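Peer 1:
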Amino acid sequence: MSIPGSWYLILAAILFGIGAFGLLVRRNVLIMFMCIELMLNAANLTFVTFSRTLDDIGGQADVFFVLVVAAAEVVVGLGIVVAIFRRRSTAVVDDLSSMKG
Amino acid sequence: MTSLLAVQKTIPDLFVFFAGALMILAGAIGVIGWRNPVHSALSLVLTLFGVAVLFIEQQAEFLAAVQVIVYAGAIVVLFLFVIMFLGVDRTEDLRQEPLIGQRVFGALLVLVVVASVIALGTESSWLGGAHSVVGPNIGPYENVNSLGRAVFTTYLFAFEATAALLIIAVVGAVVLARRSASKTSDDAIGSEEPADSDPGSLGEGAADLERATKEVER
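If you read the sequences in order, they're chains A and B. The first sequence begins at -17 in the numbering used here and counts up by one. The second sequence begins at -2 in the numbering used here and counts up by one.
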């Protein structure tokens, strides 16, 4: 309660940065998905922090919706990964270059 | 705003914050650092628990519980299930970069973005906002009450939209994940059979399926 909100915001920014870096450099589709989850969690932490500092429950309601959308995104994304793997037997994005001109 | 927040720092609050921050950062670095996807998924659990700890520290008890149940309980299990199902729990060689300088430029880009976000955050005008627009975020035992009130009144349309989104996601996942019945019923049935009986020849079965799909499309 007494920790300044800016500490949480800086922590969330660093977490977002780590997730973005992993998304840029890793090639395994599943790990890229996990990095997207890291970035979503950074955004959630920011929402909750602003909800506390501005004394507004709307931030927490937004986190609720982010959770739902993240769950839907993971379900569809992993479905796509399974469908690709069944055809191509690979989970490495660099091998999925069949649309290259 | 900082004057509002600069009330007394107590030792337990500091301890909880730094414990949560340590969990979050260690888990996040583990996610991008481990070569084995299973280890990355377990590191992801550590990060999610750390975020839940900081939710509790900020009086978002309901969200902390949902975070543990939905993220750590459902989403990570789904990740692990897919990792095991695909058999992609092989380690990946992280020593060689696929593109020259990819990591350097990636780190540079991320550093610039994070540094500019933090620099903007030091300007208090970027962190301001109206107080209690939707409703006050009251007391430690009223969190579920006020959150439920907001979700079912102010955000009712968004709530209904998420219901539709979940239905669409479930239908989409089923459509994506099933083996299409038309292919197994006509010409691909011979090639489908060994793939089902022998798990070792999954790759060949997939190749046969792909060939059969091309024939069907033709």
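In this text, a Cβ means the ideal position worked out from N, Cα and C, and glycines have one as well. Only a predicted model underlies this, so the values are computations on that prediction, with no experimental measurement involved.
Can you tell me where the alpha helix (DSSP H) with isoleucine 62 (chain A) in it begins and where it stops?
Peer 2: As a working mapping, residue 62 (chain A) is identified with position 80 in the first sequence. 40 to 70 is the extent of the alpha helix (DSSP H) around isoleucine 62 (chain A).
Peer 1: Strictly under 7 Å for the Cβ-Cβ distance: is methionine 16 (chain A) near chain B by that measure?
Peer 2: Taking the first residue of the first sequence as position 1, residue 16 (chain A) is located at position 34. Closer than 7 Å: yes.
Peer 1: Since glycine 41 (chain A) contacts cysteine 17 (chain A) with CB under 8 Å, what's their CB separation in whole angstroms?
Peer 2: As a position in the first sequence, residue 41 (chain A) is number 59, starting the count at 1. As a position in the first sequence, residue 17 (chain A) is number 35, starting the count at 1. Rounded, the Cβ-Cβ distance is 24 Å, inconsistent with contact.
Peer 1: Buried or exposed: asparagine 23 (chain A), going by 16 or more other Cβ atoms within 10 Å of its Cβ?
Peer 2: Taking the first sequence and counting its residues from 1, one reaches residue 23 (chain A) at position 41. When all chains shown are included, asparagine 23 (chain A) counts as buried.
Peer 1: Give a yes or no on whether 7 Å exceeds the smallest Cβ distance from glycine 59 (chain A) to chain B.
Peer 2: Looking up residue 59 (chain A) in the first sequence gives position 77. Not one chain B Cβ lies under 7 Å of glycine 59 (chain A).
Peer 1: What does DSSP give as the partner residue(s) for valine 74 (chain A) in the beta ladder?
Peer 2: Translated into the one-based positions of the first sequence, residue 74 (chain A) becomes position 92. According to DSSP, which records beta bridges pairwise, valine 74 (chain A) is partnered with A:Asn10.
Peer 1: Is it a yes or a no for the segment 30 to 39 of chain A touching the segment 61 to 79 of chain A, going by three-plus beta-carbon pairs under 8 Å?
Peer 2: Not touching, per the Cβ criterion.
Peer 1: If you draw a straight line from the C-alpha of phenylalanine 14 (chain B) to the C-alpha of isoleucine 80 (chain B), how long is it?
Peer 2: If you number the second sequence from 1, residue 14 (chain B) lands on position 17. If you number the second sequence from 1, residue 80 (chain B) lands on position 83. Using only the alpha carbons, I get a separation of about 32 Å.
Peer 1: Considering only the beta carbon of each residue, do alanine 73 (chain A) and asparagine 10 (chain A) sit closer than 7 Å?
Peer 2: On the first sequence, position 91 is the one that residue 73 (chain A) refers to. On the first sequence, position 28 is the one that residue 10 (chain A) refers to. Yes; because the gap between Cβ atoms is below 7 Å, this pair is in contact.
Peer 1: Drop a sphere of 10 angstroms on the beta-carbon of asparagine 142 (chain B), count the other beta-carbons inside from all chains shown, and report buried for 16 or more, exposed for fewer.
Peer 2: Here residue 142 (chain B) is taken as the residue at index 145 of the second sequence, counted from 1. Counting Cβ neighbours within 10 Å, asparagine 142 (chain B) comes out exposed, since fewer than 16 surround it.
Peer 1: Helix, strand or coil for isoleucine -4 (chain A) per DSSP?
Peer 2: Residue mapping note: residue -4 (chain A) aligns to position 14 of the first sequence, counting from 1. DSSP places isoleucine -4 (chain A) in helix when its eight states are reduced to three.
Peer 1: How many angstroms separate the CA atom of phenylalanine 12 (chain B) from the CA atom of serine -12 (chain A)?
Peer 2: Position 15 of the second sequence holds residue 12 (chain B). Position 6 of the first sequence holds residue -12 (chain A). Roughly 17 Å separates the two Cα atoms.
Peer 1: Using a Cβ cut-off of 7 Å (strictly closer), state whether glycine 84 (chain B) contacts chain A.
Peer 2: Walking along the second sequence from the start, residue 84 (chain B) turns up at place 87. Not one chain A Cβ lies under 7 Å of glycine 84 (chain B).
Peer 1: Between the Cα of proline 95 (chain B) and the Cα atoms of A:Met81, A:Ile(-15), A:Val45, A:Asp76, which residue gives the shortest distance?
Peer 2: As a first step, residue 95 (chain B) must be located in the second sequence, where it is residue number 98. Per the Cα distances, A:Asp76.
Peer 1: If you follow the alpha helix (DSSP H) that methionine 81 (chain B) is part of, which residue opens it and which one closes it?
Peer 2: Residue numbering aside, residue 81 (chain B) sits at position 84 when the second sequence is read from its first letter. Looking at the DSSP string, the run of the alpha helix (DSSP H) that includes methionine 81 (chain B) is 73 to 83.
Peer 1: In the DSSP assignment, the alpha helix (DSSP H) including aspartate 10 (chain B) goes from what residue to what residue?
Peer 2: On the second sequence, position 13 is the one that residue 10 (chain B) refers to. Run containing aspartate 10 (chain B): 8 to 30, per the alpha helix (DSSP H) assignment.
Peer 1: Under 8 Å: do the segment 138 to 157 of chain B and the segment 166 to 173 of chain B share three or more Cβ pairs, one atom per stretch?
Peer 2: These segments do not touch.
Peer 1: Could you tell me whether the Cβ of serine 188 (chain B) comes closer than 7 Å to any Cβ of chain A?
Peer 2: Counted from its first residue, the second sequence places residue 188 (chain B) at position 191. With a pLDDT of only 43 at serine 188 (chain B), under the threshold of 50, the placement of this residue in the model should not be trusted, and no figure is reported.
Peer 1: At least one CB of chain A closer than 7 Å to the CB of glycine 132 (chain B): is that the case?
Peer 2: What you label residue 132 (chain B) is simply residue 135 of the second sequence in a count that begins at 1. For glycine 132 (chain B), the answer is yes, since a Cβ of chain A falls inside 7 Å of its Cβ.
Peer 1: Applying the 10 Å Cβ sphere with the 16-neighbour rule, what's the burial state of glutamine 56 (chain B)?
Peer 2: Against the second sequence, residue 56 (chain B) aligns to sequence position 59. Classification for glutamine 56 (chain B): buried.
Peer 1: Mind listing the chain B neighbours of valine 77 (chain A)? Cutoff is C-beta to C-beta under 7 Å, in chain order.
Peer 2: As a first step, residue 77 (chain A) must be located in the first sequence, where it is residue number 95. The sequence as given places aspartate at residue 77 (chain A); valine does not occur at that position. Ordered by position in chain B, no residue passes the 7 Å Cβ test against aspartate 77 (chain A), which lies about 11 Å from the chain.
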